[in-house]
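One structure is given here, and the rest of the page talks about it.
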Amino acid sequence: MSELERALAGIEIDYPPTPALAAAVRARVSGAAPAPARRLSWRPVAIAFAALLLLAGTAVAAVPDWRHSVLDWLGLRSVKIERVTTLPATPAGDQLALGTRPTLARAARSVSFTPVVPPGRPPDEVYFADDPPGGQVALVYTRPGGVRMLVTEFRGRQQSVFIQKTLGQGTTATPVTVNGGRGIWIAGEPHVLMYKDRNGQVQGYTPRLATNTLLWRQGDLLLRLEAHITKAEALRIASSMH
Amino acid sequence: MVVRPLNETSLDESELVERAKRGDVSAYELIVERYQEPVFRAAYLVTRSAADAQEAAQDAFVKAYAALGRFRSGEPLRPWLMQIAVNESRNRLRAAGRREALALRAAAERPAEGADPSPEAALLTAERRRALLAAVDGLREEDRLVISCRFFLDLSERETAQVLGWRQGTVKSRLSRALDRLRAAVGEEVSL
Chain F
484 MSELERALAG
494 IEIDYPPTPA
504 LAAAVRARVS
514 GAAPAPARRL
524 SWRPVAIAFA
534 ALLLLAGTAV
544 AAVPDWRHSV
554 LDWLGLRSVK
564 IERVTTLPAT
574 PAGDQLALGT
584 RPTLARAARS
594 VSFTPVVPPG
604 RPPDEVYFAD
614 DPPGGQVALV
624 YTRPGGVRML
634 VTEFRGRQQS
644 VFIQKTLGQG
654 TTATPVTVNG
664 GRGIWIAGEP
674 HVLMYKDRNG
684 QVQGYTPRLA
694 TNTLLWRQGD
704 LLLRLEAHIT
714 KAEALRIASS
724 MH
Chain R
137 MVVRPLNETS
147 LDESELVERA
157 KRGDVSAYEL
167 IVERYQEPVF
177 RAAYLVTRSA
187 ADAQEAAQDA
197 FVKAYAALGR
207 FRSGEPLRPW
217 LMQIAVNESR
227 NRLRAAGRRE
237 ALALRAAAER
247 PAEGADPSPE
257 AALLTAERRR
267 ALLAAVDGLR
277 EEDRLVISCR
287 FFLDLSERET
297 AQVLGWRQGT
307 VKSRLSRALD
317 RLRAAVGEEV
327 SL
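What follows is the structure, encoded as structure tokens:
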């Protein structure tokens with residue numbers, strides 16, 4: 484330890500007295516169960532992305548009816564939105580599990596739909612999860628040291644009744660059309676999600692930081708493409724998936 | 137199911153976590169009581185405001201509760217809670233755009249006694265300590281954070297990594313660079 488480090492270690496900070504927080508925290512968490520230790524379902528997460536659009540900007544916020552038209556756009560209603568100035572903290576290294584890692588053929592046999600894959604380069608990794616009902620397939624395209632693109636697919640016909648969306652300022656969302664299906668392009672600052680179940684309890688908290696995201700419907704599938712790419716590029720890839 | 141009383145201070149941390157995960161708010165209250173000091177202090181070191189730190193710490197505990205199901209049992213809880221508090225505080229700091237200066241504890245204003253375990257540190261007068269603290273205050277946020285974690289909160293390298301959400305190697309290199317910049321900032325003024 485250097486002399487400087489010893490000097491720093493010798494410093495005693497004059498902290499204010501620690502306030503008693505337990506009662507206030509108790510009052511705020513009573514009635515809400517912690518998130519279960521299971522994998523976070525992608526269905527509410529993806530639907531939450533749709534909900535992002537509701538907060539795309541002040542112009543949007545100023546027109547409440549527009550919110551409903553956006554939900555109708557994706558066939559989703561009953562979404563509760565909360566705007567915050569600061570995002571929740573995100574525990575490090577905690578990642579959204581994508582499920583088991585079968586071959587694409589095996590994953591395709593495990594789900595109740597036919598996965599669509601972008602033509603050209605096959606995915607580097609394929610994941611299968613049995614949640615939501617009907618199953619979910621995730622296609623991962625890697626690059627050195629990380630993920631280049633993530634595509635998730637599941638049947639998205641069911642209506643959601645439980646979402647609480649939390650996001651910061653600076654996220655934009657634009658309605659788009661992909662292969663005749665409706666979609667949303669979400670770009671801007673990273674955002675995090677929390678959602679509530681049908682009983683109003685907080686059932687999930689994902690520290691996942693999403694990048695630019697394209698969410699769209701294709702038949703009864705809900706697809707989500709996440710990558711550090713432009714809107715035009717995302718639309719080109721999505722259009723090739725049919 | 138047998139429900140045991142929660143008024144024992146000896147309750148194991150992992151047992152408290154398990155209970156809280158099942159929705160036992162009383163167990164979570166004990167967790168809050170156990171860790172409110174390090175969580176609040178971490179928040180204070182970032183916000184430099186007792187009121188902001190209290191808010192950030194309270195919000196951190198509420199958010200941690202919602203996220204508890206994803207907390208891996210057996211992992212240390214304290215740095216995880218502190219990390220959430222530090223993130224909360226950093227967001228607030230950016231929003232507030234102001235900071236108060238850190239102050240030395242009154243007892244530490246006096247020159248260190250001969251019983252100080254480090255003879256070099258014993259030579260450092262209160263004035264020099266204040267100058268050093270002011271120099272830390274003048275560093276960029278990242279440098280302040282890593283120095284605060286290691287020296288003011290007495291966290292290990294590993295805990296610091298967890299609290300700041302960095303890799304352990306990153307903590308080592310950033311601390312080294314922060315100390316270099318601090319050394320340059322204090323210069324000959326405090327003869328370090």
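Residue numbers (this note's numbering), protein chains in the order written: chain F, 484 to 725; chain R, 137 to 328.
Quick reminder that beta carbons are idealized off the backbone N, C-alpha and C, glycines included.
Counting only residues of its own chain and dropping the five nearest sequence neighbours on each side, Pro605/F has a CB closer than 8 Å to the CB of Leu587. For Tyr498/F, the chain R residues whose C-beta falls within less than 7 Å of its own C-beta are Arg177, Tyr180, listed in chain order. By the C-beta criterion, the region 590 to 600 of chain F is judged to be in contact with the region 695 to 704 of chain F, since at least 3 inter-stretch pairs fall below 8 Å. At the C-beta level, Ala492/F and Phe287/R come within 9 Å of one another. DSSP, reduced to helix, strand and coil, places Met218/R within a helical segment of the structure shown.
Ala267/R and Leu581/F have their alpha carbons spaced roughly 51 Å apart. In the DSSP assignment, Arg700/F falls within the beta strand (DSSP E) that extends over 696 to 701. With a contact defined as Cβ atoms closer than 8 Å, Val623/F and Asp607/F qualify at about 6 Å. In this structure, DSSP gives Tyr498/F a state outside helix and strand, which the three-state scheme calls coil.
Residues of chain R whose Cβ lies closer than 9 Å to the Cβ of Leu504/F are, in chain order, Val168, Glu169, Gln172, Val175, Phe176, Gln190, Ala193, Gln194, Phe197.
Sequence-distant partners of Trp668/F (beyond 5 residues in either direction) whose C-beta falls short of 6 Å from its own C-beta, in its chain, are Thr657, Val659, Leu697, Lys714. Membership of Phe611/F in the beta strand (DSSP E) is indicated by the continuous run 608 to 612.
Across the structure, Arg265/R and Cys285/R are spaced so that their CA atoms are roughly 17 Å apart.
Per DSSP, Leu622/F is not a residue of any alpha helix (DSSP H); the beta strand (DSSP E) it occupies stretches across 619 to 626. Listed along chain F is no residue with a C-beta nearer than 7 Å to that of Glu295/R; the closest approach is about 12 Å. At the C-beta level, Ala178/R and Ala237/R stay beyond 9 Å of one another. The straight-line gap separating the alpha-carbon atoms of Leu229/R and Ser162/R is approximately 31 Å. C-alpha of Leu166/R to C-alpha of Tyr180/R: approximately 21 Å in a straight line. Of the candidates Glu295/R, Thr306/R, Arg155/R, Thr306/R places its Cα closest to the Cα of Asp279/R. The residue from Asp148/R, Arg294/R, Ala314/R with its alpha-carbon nearest to that of Trp216/R is Arg294/R. Inclusion of Gln219/R and Val282/R in the CB contact set at 9 Å is not warranted, their separation being larger than that value.
Interface residue (Cβ-Cβ distance to chain R less than 9 Å): Arg626/F is not classified as such. Listed by position along chain F, the residues whose Cβ is nearer than 8 Å to that of Ala239/R are Ile496, Asp497. Secondary-structure assignment with DSSP links Trp302/R through no beta bridge to anything. Counting along the chain, Leu708/F sits inside the beta strand (DSSP E) bounded by residues 704 to 710.
Proximity to Asn695/F across Arg707/F, Leu705/F, His711/F, Leu706/F peaks at His711/F, based on C-alpha coordinates. Around Ala507/F, the beta-carbon contacts reaching into chain R at under 7 Å are Gln194. Residue range 161 to 183 is occupied by the alpha helix (DSSP H) that includes Pro174/R.
Here the C-alpha atom of Leu706/F lies approximately 46 Å from the C-alpha atom of Ala186/R.
For Arg511/F, the closest Cβ of chain R is nearer than 9 Å.
At a cut-off of 9 Å between beta-carbon atoms, Ala270/R makes no contact with chain F.
Interface residue (Cβ-Cβ distance to chain F less than 9 Å): Leu315/R is classified as such. Going by DSSP, Glu263/R is part of the alpha helix (DSSP H) stretching over 262 to 273. In the structure shown, Arg280/R adopts helical secondary structure according to DSSP, grouped into three states.
Taken through DSSP and simplified to helix, strand or coil, Val322/R comes out as helix.
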